[in-house]
Structure formats: C-alpha cells, structure tokens
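Working notes, beginning with the structure itself.
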Amino acid sequence: MGDLQPLDDKLNKQCREFAEALRELFAQLSISLRRCAVRCCVSPGTLSRYLSGTRIAPQDFIDDLVREIEREHGTRIEPAALERLRLLRRAAVRTTDSISQAVHQLEDQLKAADARARSTSARRERLDSALDDQRGLLADLDRRLKRLEADHRADGGPTALPAERDLPAERDVLAEHGLLTEHGLVTERDLLAERDLLVAQVADLISQLEEARAQVAFAEMRCDLLERQLAVVDTQRGAALPGPELVTLVEPHTAPPLSGTTTPPPKVLLVDDKRPNLLALEAVLGTSGHQVVSVSSGPEALKALLETDVSDFAVIILDVQMPGMDGYETAAHIKRRARTRDIPIIFLTAVGNDPEYSMRGYAAGAVDFIVKPFDPWALRAKVAVFVELFLERRLYAAPRD
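Numbering (this note's numbering), first residue to last: 245 to 645.
Shown next, in the form of structure tokens:
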C-alpha cells in the first residue's frame, strides 16, 4: 500500500477505525490504488480520500470493493466481517459534521448524474449505429435506382424481362442488384416509395440523435458541476474531518474578484414565497462576496430581472412549490427571454431526488437542484461554483488592452 496517504492524526476514533478496516479490505486486492480506482469506478483522488479517512466511503463503493475481492480470490467474505464494516461506517458517519453530510448529498447527486450520462451515451451510440445502417440501406437503394435507370436507357423504355432477355444469367444479375424478387421485377415506383420511407426514417434518426447528443452534453455538464462542487466542499472542510471536538468552520470558497476592476459583485437571486426560507437562504449566502437579491414570487422574480442589469446575475435559487406561478412556470418564462435565458437556475425542492421531478426541472431550464431542508455547505458549494463560472465568463468577455 505504498501509494496510500497515511491516516490523518486528527481523525476521531470512529473515523479512524472505519478507515483502517477499509484499508485492510483494500490490501486484499494486492493492486495499486489507481488500478483499484478503475475497477471500482472512482477517481484515484477520491479513493485516496476514502482510504486515508478524509472522506467517508459510500456503501455502494464498499459493495463494489467487496465484489472485486471476492472475484479476485474466488471466495466469499464472511457476513460477520461485512456487518462489522457496515457498523463501523455507520458510526463514522454519525460523528461527521454537516460538511461531510454535504459531501454525501453531492456524491449521491453525482452518482445519479453519472448514471444518466452513461444511459444517454448508450442511447446515442445505438442511434448512431442505427443511423449508419439506414444510410447504408439508402445508399444501396440509390445504387438499385441507378441500375434501373441504366436498364431504362438500354431498353429505350420501362424495364422489363421480354422473352429474348429472359435468361438465367440476366435474372441473376437483376436479383444481385435487388431488382428482382420472388414476387417479380421491382419497378421504379417501388424503389422510390422505399426511398421516401428510408429518407423519412433517416431524418427521424438524425433528430433523435441530435436530442441524444444534447442530453449527453447536459449530463456530462452536470457531472462536471458536481465534481467542482465536491472540490469546493473539500476546500471548505480542509484536509481532514473534525476530531471528537468540533473545529471552527472555515469560510466558504468563492472565486477571487477580478483585479484592477470596478465591476459590481455578482448577484444571486433568491425566489421563495415563505419569508423564513428567504431569511435562511440570506443567512447562508449573504456573507460570501456576492450580492443577494430576495423576492417572494415568480412575478417578482421576473420583474427583478427586467428592472435590473441581468448581466450581473450569476445564478438564481428558485423554489419549486409556490402559489400562483410555481417554479417550473417561472423558469420557463426566464428561459424564453433572450436577456435572461443564460442565467443558471438551481431549483430548491422538497420532493427529494425523484428522477421524474428532477427531469421535469431540467426540462424547464434548471441546471441543478438542492433538496429541502437544504444543507448550508452544499448550497454554498453550488452557488460558489456558479459564481466562479460567472466570473470566468466576465473575465474572458472583458476587453483586452
């Protein structure tokens, strides 16, 4: 295990015991950390954090690691050993602070986004293959049409098989070119009708493929966002989990301001019909170097975006369930306006990670979501990443001397 980082001396008893048990499990594979990461579908950096105790490994990862060990040795790990590992993990999770809970929440979202990316990629590949097949059929049909036209020119009229041409060799040639079937000679009308059908099928596949490519790009973008958010949370937490006594929480990570500029700070628009929720959001986000604008309804949000310089808004936090104009309708209005359609929207929802609701939110224009009651560190991380992206775009758009 030479490529492992040592256990941090600030780990509490429960986290240390779990990390040590996980390292013993990893050692049974007798392979490098990088090879193990590939097998268990995690990055080497993530696996290193799991094994050094600076991040609590999710149960899914442990299950993958156990399957790899059992496959390697051809034997089953004792149920008692697996139950002990689960109990150690549960105890470690109970001792971690809110920042670690934010990590688990973001990792769950990353897992869902990764599954979506893989499924949409698989669909794109199937459509790509089907499109190649249909294009091949279309090319073959065009060759048959050209052969038929050549036959027309040679005979001076419609293709036929008069008695003088009714020879086995001639029939073999026509059959080879798809112009003769068991039902008789194929006519130009037959081929043109078949071609029209193939052209329509190709057009439909192209449309589906474009949609699938957009879905893959969106899913990959979601994965990139969540990985950046996890990196922000790791920065917030520092290199190690807290020991038995709570440590002072660090200030949330934010993008550095542009040096030598007097541009206004990025704005974050908060939209929620309940005043206590707005106050909680303001308390979490109000000291992070950006300006918070709070409104209590969808129409007020649209008005705020209409009456102010929308180019200053980095992100919108939008409650889904509001009376009158709900979050979905509000998002649809925002995305229909040319001035506001590029502002990213984070949906604040109480319905959990239900795929039906999340997909409806993405269809309405959201690029991210967070579940009520929200974890403050997860929310800070999400907003920090969008503010960073906003400042990067502003920097690149700034005129050069």
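Glycine included, each C-beta is placed from N, C-alpha and C at the ideal position.
DSSP beta-bridge partners of residue i
i, result
"VAL537", "LEU513"
Three-way DSSP call (helix, strand, coil) for residue i in this model
i, result
"ASP612", "strand"
"PRO406", "For PRO406, the pLDDT reaches just 43, beneath the cut-off of 50, and the residue's location in the model is therefore unreliable, leaving the point undetermined."
"THR364", "helix"
"ILE560", "strand"
"ILE578", "helix"
"ILE589", "strand"
"LEU602", "Contrary to the premise, residue 602 reads as Ser rather than Leu in this sequence. Here SER602 sits in helix by DSSP."
"ALA301", "coil"
"ASP478", "helix"
"PRO323", "helix"
"SER276", "coil"
"MET465", "helix"
"VAL286", "coil"
"LYS233", "Not covered by the structure: residue 233. The range shown for the chain is 245 to 645."
"PRO500", "With a pLDDT of 47 at PRO500, under the threshold of 50, the modelled position of this residue cannot be trusted; read the value that follows with caution. Three-state result, PRO500: coil."
"GLN452", "helix"
"PHE262", "helix"
"ALA524", "helix"
"LEU549", "helix"
"LYS626", "helix"
"ASP211", "Here the chain covers residues 245 to 645 and nothing more, so residue 211 does not appear."
"ALA357", "helix"
"LEU485", "Caution is warranted here: a pLDDT of 38 is assigned to LEU485, below 50, making its placement in the model unreliable, and the coordinate value is therefore given only provisionally. Coil."
"ASP202", "Shown here, the chain extends from 245 to 645; a query on residue 202 therefore has no answer."
"ALA594", "coil"
"GLY646", "Since the first and last residues shown for the chain are 245 and 645, residue 646 lies out of range."
"ARG388", "helix"
"GLN459", "helix"
"GLN445", "helix"
"GLY422", "Its pLDDT being 49, under 50, GLY422 is placed unreliably by the model, and nothing is read from it."
"GLY530", "coil"
"GLY318", "coil"
Closest residue to residue i among the options (Cα-Cα distance)
i, options, result
"GLY533", "PRO510, PRO250, ALA335 and PHE630", "PRO510"
"ILE561", "THR364, MET569, LYS626 and GLU636", "LYS626"
"GLN459", "ARG338, LEU525 and SER363", "SER363"
"VAL337", "ARG260, PHE462, ASP448 and ASP586", "ARG260"
"ALA582", "GLU455, LEU514, LEU442 and SER555", "SER555"
"PHE557", "VAL512, ASP440 and ILE306", "VAL512"
"LEU255", "ARG293, PRO323 and GLN565", "ARG293"
"ALA607", "ALA576, THR479, LEU514 and ARG387", "ALA576"
"MET465", "ALA361, LEU546 and ALA437", "ALA361"
"ARG267", "LYS257, SER287 and LEU291", "LEU291"
Next on the checklist: Taking contact to mean 3 or more Cβ pairs, one atom from each stretch, closer than 8 angstroms, check whether the stretch 512 to 526 and the stretch 539 to 548 are in contact.
Outcome noted: By the criterion of at least three beta-carbon pairs nearer than 8 angstroms, the stretch 512 to 526 is in contact with the stretch 539 to 548.
Next on the checklist: Check whether the stretch 612 to 632 and the stretch 573 to 592 are in contact - that is, three or more C-beta pairs closer than 8 angstroms.
Outcome noted: Yes: the two stretches touch, three or more of their Cβ pairs being nearer than 8 angstroms.
Item to check | the stretch 324 to 332 / the stretch 278 to 296 touching (three or more Cβ pairs under 8 angstroms) | outcome: The stretch 324 to 332 vs the stretch 278 to 296: no contact.
Checklist entry - Should the stretch 375 to 385 be called in touch with the stretch 460 to 476, which here means at least 3 C-beta pairs below 8 angstroms? => result Judged by Cβ distances under 8 angstroms, the stretch 375 to 385 makes no contact with the stretch 460 to 476, as fewer than three pairs qualify.
Checklist entry - Between the stretch 348 to 362 and the stretch 433 to 452, do three or more beta carbon pairs fall short of 8 angstroms? => result No: fewer than three Cβ pairs fall under 8 angstroms.
Item to check | Touch test, the stretch 446 to 454 against the stretch 302 to 322, Cβ-Cβ under 8 angstroms, three pairs minimum | outcome: Verdict: no, contact absent.
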